[in-house]
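Peer 1: Let me give you the structure first, and then I'll get to my questions.
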Amino acid sequence: MKQSFSFFFVLVVLFLAVVDADIVKDKCQKAAQGDKNVHLNFCVKVLGEDPKSHTIDLQGLGIISLNLIKSNAANIGSRIRQLLNDQTVAPDVKKGLQACQETYSDAGSNTEEAIDAFNSKDYNTANVKVSAAMDASSDCEDGFKGLKSPLTVENNSFFQLTAIALAITKMV
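Structure follows, in structure tokens:
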């Protein structure tokens, strides 16, 4: 009897793990269908990388998506500082980087406010703040008019992350 209970318990745990793992794919599919800016594979990959994403509900997935924006903005800020300290970077490019530094600093602040609003179940304010943060990617890219942006990959990823967070926040 003890052995069959153990076997049954393992089956239940495996079943729940599979069901919970589907929340990421399910919500990413809904997000991608509702917003052309959300790419399904990117969404599943980034949300699925967080081990907690497979054992939480939609609210938790929203928090994960917002935290991804927050950490990505901080990482981009670090990359910008690194480039600003690089003596081989042209002065015109550094001017664009300085504008990006301010833009991503604002994006970080907006994301903090979005997280606070989301946790308070003020989803409208969370959406407004994520939308404001989303602008950082295009504003930063625009700062390099006529020049090759050293942050194109980072800006595209940030835009995707904000699009995902916006879509999930709208589902809650």
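If you use mature numbering (1 follows the signal peptide of the UniProt record, and there is no 0), the sequence shown corresponds to residues -21 to -1, 1 to 151, in order.
We put the CB at the ideal spot given by N, CA and C, even for glycine.
Is it true that the CB of N20 sits closer than 8 Å to the CB of L140?
Peer 2: The answer is no: Cβ separation not under 8 Å.
Peer 1: Does the distance from the CB of G13 to the CB of I147 come in under 8 Å?
Peer 2: No, these two residues do not count as a Cβ contact at 8 Å.
Peer 1: Straight-line CA distance for E92 to Y102?
Peer 2: For E92 and Y102, the distance between alpha carbons rounds to 11 Å.
Peer 1: Using CA atoms only, rank isn't needed, just tell me which of S88, E133, Q38 and D36 is closest to L76.
Peer 2: Comparing Cα positions, the closest option is E133.
Peer 1: Going by DSSP, what residue range makes up the alpha helix (DSSP H) through P70?
Peer 2: Looking at the DSSP string, the run of the alpha helix (DSSP H) that includes P70 is P70 to N98.
Peer 1: Can the beta-carbon of residue 152 be found less than 8 Å from the beta-carbon of L130?
Peer 2: It is not possible to answer for residue 152, since the shown part of the chain is limited to -21 through 151.
Peer 1: Select from Q66, A69 and K73 the residue whose C-alpha is nearest the C-alpha of I59.
Peer 2: Of the listed residues, the one whose Cα sits closest to I59 is K73.
Peer 1: Along the alpha helix (DSSP H) that carries D36, what are the first and last residues, could you check?
Peer 2: Where D36 is concerned, there is no enclosing alpha helix (DSSP H), given that its DSSP letter is neither H nor E.
Peer 1: Check whether the Cβ atoms of T82 and K108 sit closer than 8 Å, and answer yes or no.
Peer 2: Contact: no.
Peer 1: Have a look at Q8 and L45 and give me their C-alpha separation to the nearest angstrom.
Peer 2: If you take the alpha carbons of Q8 and L45, they lie about 18 Å apart.
Peer 1: Residues in the same chain with beta-carbon distance under 8 Å from T104, minus the five sequence neighbours each way, listed in chain order, please.
Peer 2: Closer than 8 Å at Cβ, skipping near neighbours: E92, A93 and A96.
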